[in-house]
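Single-structure report; data block below.
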Amino acid sequence: MTPALTVEEVPLDIVLPLRSAVLRGGGPAGMPGDDDPATVHLAVRTADGEVAGVVRLSPAPCPWREARAPWQLRGMATDPVARGTGVGRLLLDASLELVGARGGDLVWCDARTTAAGFYERAGFTVVAGPYDKPGVGPHVGMLVELPQR
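Our numbering runs 3 ahead of the 1-based position in the sequence shown.
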């Protein structure tokens, strides 16, 4: 991992370009709830300030498991040139840390089947699917329980 990477909470307009390019083939990348005050957007920046990865986190009921304070991870995207450099793992670790610090006890996501292994290596478990998300492709439901603080 490159030591010059930083993770920061950012406004929505910072995450949209990379989300659009990586997840929507250049199409619209906004999602319902993006502007909710409880929603958090994180970005990994390189030493020169370029955005190398983004993610959205929001409190949301998990469709597969009851939890006291579940959060959904959504819209995670890593710049293709940064893949394999630790950007995704840094972003995911920061996401889990943030959710835990805000009292969350579970993080869940609809993961693209091509990304399921990445999430499994980080401790997530496949709990549903595979299923097709229209216009996006095959996904699996995944979750990870967070330790109580």
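Cβ atoms here follow ideal geometry from the backbone N, Cα and C, with glycine treated the same way. Fair warning: this is a prediction, and the values are worked out from it, not measured in the lab.
Pairing Val-58 with Tyr-122, the inter-Cα distance amounts to about 14 Å. The residue among Val-90, Gly-106 and Ala-50 with its C-alpha nearest the C-alpha of Ala-41 is Gly-106.
Arg-59 is bridged by DSSP to His-44 and Arg-77.
Contact annotation: Leu-60 and Leu-94 have beta-carbon atoms that are not nearer than 8 Å. CA-CA distance, Pro-141 to Ala-131, rounds to 12 Å.
Within the model, the alpha-carbon separation for Ala-55 versus Gly-78 is close to 14 Å. Pro-73 is classed as buried because its beta carbon has at least 16 other beta carbons within 10 Å across all chains shown.
Under DSSP, Asp-108 takes part in no beta bridge, so it has no partner. Straight through space, the alpha carbons of Val-10 and Asp-37 are spaced by roughly 19 Å.
At a Cβ-Cβ threshold of 8 Å, Leu-76 and Asp-108 do not count as neighbours. Non-local C-beta neighbours of Arg-71 in its own chain, meaning closer than 6 Å and more than five positions away in sequence, comprise Asp-108, ordered along the chain. Distance between Ala-50 and Pro-14, taken at the CA atoms: about 19 Å. Counting only the Cα atoms, Asp-96 lies some 12 Å from Val-147. With respect to the 8 Å criterion, Ala-125 and Arg-92 are classified as neighbours on the basis of their beta carbons.
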